[in-house]
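Residues in the sequence shown are numbered consecutively from 218, following our numbering. So the structure is just underneath, and the comments pick up after that.
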Amino acid sequence: MCHPNPEPMTQNVSIKPGTDDTNVEFFDSHSHLNDEKFDEDRIDLINQFKKENITRFITNGYSLDSSKKAIEIAKSCDFTYATVGISPNDIPQNEDELWKQLEEIKELAKDKKVVAIGEIGLDYYWNKDNKNLQLEVFNKQIEIANELNLPIVIHTRDAVMDTLQILKDNPVNNKGVFHCCPLNRELVKEALKLNFYISFSGVVTFKNSKNADEIINMVPNDRFLIETDSPYLAPEPVRGTRNTPINVKFVADKVASAKGISIEQVAKFSYDNANRLFKNNIHKNF
Ligand code: NI
């Protein structure tokens with residue numbers, strides 16, 4: 218049984234939800250519809266996306282189970298895709314189990330609904346004690362991405378220098394994106410030099426993100442994506458609620474005002490950029 222969500226999930230920005238007075242389309246490049254917080258109403262929620270102008274979204278894996286679920290969701294409707302990978306915060310304790318899981322990730326990644334390996338990377342904020350293992354797991358998954366000709370989706374927290382060093386030492390053929398990009402000038406500068414994309418999340422809308430405008434303006438229009446990271450990081454003005462891809466409009470609105478362009482232009486640039494980044498699998502499906 219699916220139940221409709223009782224809570225109103227959006228407030229209007231310049232694009233009015235549910236109206237057809239505009240043909241603007243949004244691509245939420247990073248969500249976790251595979252999270253248990255969506256178990257009650259996942260289908261009903263996804264069914265609302267198109268009338269809310271969300272016409273593409275990606276469900277990202279972060280562990281073996283969540284990757285399997287991401288593929289399941291991707292197969293359930295035509296306008297959605299998946300990524301598979303083991304995040305630095307989901308590395309199994311048992312190393313035999315870890316290597317077995319990485320083999321499985323590689324097999325899952327061959328599915329035609331999978332558009333990238335991710336989210337993968339380094340997180341020294343939540344896990345300081347297994348840095349070497351994190352580096353090893355990150356490298357292994359870059360190897361898988363290169364073997365399968367896929368880009369990567371990067372999670373990095375308190376690990377900027379090591380993340381950049383890995384990408385310099387182990388070039389990713391199809392590049393990738395810094396998901397929920399930390400608002401760190403050095404990281405953005407170096408990521409752009411390495412030809413990676415930068416994805417803006419609800420963090421850019423937070424009142425304490427003082428340098429958001431500056432960071433947004435560092436990123437050229439052909440290099441940014443927008444995302445929600447649902448169910449986490451709900452943007453202003455719905456901060457603190459369960460986030461959904463419908464709220465990607467608030468992120469777009471912030472990027473538009475920082476760059477001094479229209480929300481329609483932000484939607485179009487980020488849509489084209491996401492299609493270009495994930496092209497290897499997207500062209501087979503769209
Ligand atoms: Ni995420």
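Just so you know, even glycine gets a beta-carbon here, dropped at the ideal spot from N, CA and C.
Q310 counts as exposed, since fewer than 16 other C-beta atoms from the protein chains shown sit within 10 angstroms of its C-beta. Short of 8 Å from the beta carbon of E444, and not among the five residues preceding or following it, lie these beta carbons of its own chain, in chain order: D245, S246, H247, S248, H396, C397, S416, F417, S418, V465, V468.
Assigned with DSSP and collapsed to three states, R402 falls in helix. Following the DSSP letters along the chain, one finds Y298 inside the beta strand (DSSP E) bounded by residues 297-301. In this structure L281 does not touch I260 by the C-beta definition: roughly 23 Å separates them, more than the 8 Å allowed. Where V354 is concerned, the enclosing alpha helix (DSSP H) starts and stops at 348-365. According to DSSP, R273 shares a beta bridge with F244. Check the Cα spacing between A408 and each of K385, A429, L365: the tightest is with K385. Ranked by Cα distance from V354, the options S293, S447, E314 are led by E314. Of the residues R456, I322, N270, the one whose Cα lies closest to the Cα of G278 is I322. Only residues of its own chain outside the window of five on either side were considered, and among them R374, D375 have a CB closer than 7 Å to the CB of Y342, listed in chain order. By DSSP's assignment, S416 forms a beta bridge with L442.
The alpha carbon of Q351 has as its nearest neighbour, out of K496, R273, W316, G393, the alpha carbon of W316. Distances from the CB of N264 to the heavy atoms of the ligand NI are all 8 Å or more. The DSSP-derived three-state label of V468 is helix. The beta carbon of N356 is closer than 7 Å to those of I383, N387 in its chain, skipping five residues each way along the sequence. In the same chain as K392, and ignoring 5 residues on each side of it, the C-beta atoms closer than 6 Å to its own belong to P368, N412, F413, in chain order. By the criterion of at least three beta-carbon pairs nearer than 8 Å, the region 474-491 is not in contact with the region 453-462.
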